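All remarks here apply to the structure that follows.
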Amino acid sequence: MLIDCGLFQGEDAEQDEFKQLTVDFDVKTIDALVITHVHIDHVGRLPYLLAAGFTGPIFCSKPSAKLLPLVIEDALKIGFTRDARLIEQFLQRVEQQLVPLAFGKWHNVTSTPTCHVNMKLQRAGHILGSSYVEVALRDPLNKRRQRVVFSGDLGAANSPLLPAPKAPAKADVLVLESTYGNRLHEGRLDRAAKLKQAIERALHNNGTVIVPAFSIGRTQELLYELEGIIHRADKQSLWKSLEIIVDSPLAARFTQVYRDLKPFWDSEAQTRVRAGRHPLSFASLYTVDSHATHEQTVRYLAESGRPAVVIAASGMCAGGRVVNYLKAMLGDARHQVL
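Throughout the sequence shown, residue numbering follows my numbering, covering -18 to 319 in sequence.
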């Protein structure tokens, strides 16, 4: 069983030892692929795996199954081809192999005379659909059992939109991601307070708050928090002039899928919806699609003196549309980067 099949990103991607993209193991030894979540560093090498001949099931959560085709389509356009017919054929193949699973239910992966393998996905709180994987191994001949837990990427207990992760009941072996293992993050309330302060400065200075953000996960969290801040400040007339702009076609597509996946939102988000609010599609939210409109928006915000919040990729400012905002606005003290 293979868990995740991603690409290196950032500085790691530039190192020679990490530029090898081909699959260097026999895919016939893989009974199944399990995807913890759909970020590119966890699924980006899926095209190479299928090209190497993997034909087994691809297990993931139900939300991940909805999001995965968008991620793979974008990866194919960047790294393989822009031929719509070839992309559609590949996505159809992925669709055929996908096995969406409900959270918290055991599923048999493989059974042999010497080993039975079952797995269960549990919420990880990283992005919508993210999971950690519990694997139950049983040797019928020797009557031995072992529980192995693979964490995937873990999120905080109070992440916007996401139900809190539930700890595993037991683990004989724990494989744990540790990206931020030595860092104490500020709490959600502190982050929201800083976001509000930045917006208040923008309203006072008639400037733009530029927020570099990943298209999936971070963008939707920001929109959710912004909707909450705007809702609470509704009686303040200045806030009515604030525009929230998502300048990323891919982020806009992911956000639409997030909206379609409301049943998987947490109870706080569900309460907002029942109250008639629209956490990811509120009145002051605008999306920018075409490159021409993007260029017009950059010029407009740089010259107009109208307060705005711009959310744009890439999240690490390594490329994408956010770079044009930075070039146009970093020299003007009215504008901020958050």
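C-beta: ideal position from N, C-alpha, C; glycine also. As the structure is a computational prediction, the values presented were derived from the model and not from experiment.
Would you kindly check if the distance between the Cβ of residue j and the Cβ of residue i is under 7 Å?
| i | j | result |
| --- | --- | --- |
| leucine 118 | threonine 95 | no |
| threonine 200 | alanine 232 | yes |
| glycine 136 | glycine 106 | yes |
| isoleucine 108 | glycine 168 | no |
| histidine 88 | leucine 79 | no |
| valine 269 | tyrosine 306 | no |
| serine 45 | isoleucine 16 | yes |
Am I right that residue i and residue j are in contact with their C-beta atoms under 8 Å? What's the rounded C-beta distance?
| i | j | result |
| --- | --- | --- |
| tyrosine 113 | valine 90 | The pair is not a contact, with the Cβ atoms about 16 Å apart (cut-off 8 Å). |
| isoleucine 191 | methionine 310 | 7 Å |
| alanine 293 | valine 303 | 4 Å |
| glutamine 103 | proline 149 | 7 Å |
| leucine -12 | leucine 14 | Not quite, the Cβ-Cβ distance comes to about 15 Å (not below 8 Å), so this is no contact. |
| glycine 312 | asparagine 187 | Incorrect: roughly 16 Å between the Cβ atoms, too far for contact. |
| aspartate 228 | valine 291 | 6 Å |
| lysine 151 | arginine 125 | Actually they do not touch by this definition, with Cβ atoms about 15 Å apart. |
So, helix, strand or coil for residue i, using DSSP?
| i | result |
| --- | --- |
| serine 222 | helix |
| histidine 275 | helix |
| leucine 176 | helix |
| methionine -18 | coil |
| glutamine 217 | coil |
| glutamate 115 | strand |
| arginine 293 | The identity of residue 293 in the sequence shown is alanine, whereas the question assumes arginine. Looking at alanine 293 - three-state DSSP - the assignment turns out to be strand. |
| leucine 282 | helix |
For residue i, is the classification buried or exposed, using 16 other Cβ atoms within 10 angstroms of its Cβ as the cut-off for buried?
| i | result |
| --- | --- |
| threonine 160 | exposed |
| glutamine 317 | buried |
| glycine 60 | exposed |
| proline 273 | Rather than proline, the amino acid found at residue 273 in this sequence is alanine. Answer is exposed; the Cβ neighbour count stays below 16. |
| lysine 47 | buried |
| alanine 256 | exposed |
| glycine 133 | buried |
| histidine 166 | exposed |
| glycine 25 | buried |
| alanine 194 | buried |
Subject >> Cβ pair count under 8 Å reaching 3, the region 256 to 274 against the region 151 to 171 >> reply: no
Original post:
How about the region 294 to 301 and the region 240 to 260: do they share at least three Cβ pairs that are nearer than 8 Å?
Top reply: no
Original post:
Below 8 Å, can you find three or more Cβ-Cβ pairs linking the region 97 to 107 to the region 54 to 73?
Top reply: no
**OP:** Count the C-beta pairs between the region 28 to 36 and the region 163 to 177 that are closer than 8 Å, then say yes if the count reaches three, no if not.
**Re:** no
**OP:** Spell out a yes or no on whether the region 127 to 144 and the region 240 to 247 are touching, meaning 3 or more CB-CB pairs, one atom from each, closer than 8 Å.
**Re:** yes
Original post:
Would you call the region 231 to 240 and the region 181 to 191 in contact, with 3 or more CB pairs under 8 Å?
Top reply: no
Subject >> Three-pair Cβ contact test at 8 Å for the region 1 to 20 versus the region 36 to 46 >> reply: yes
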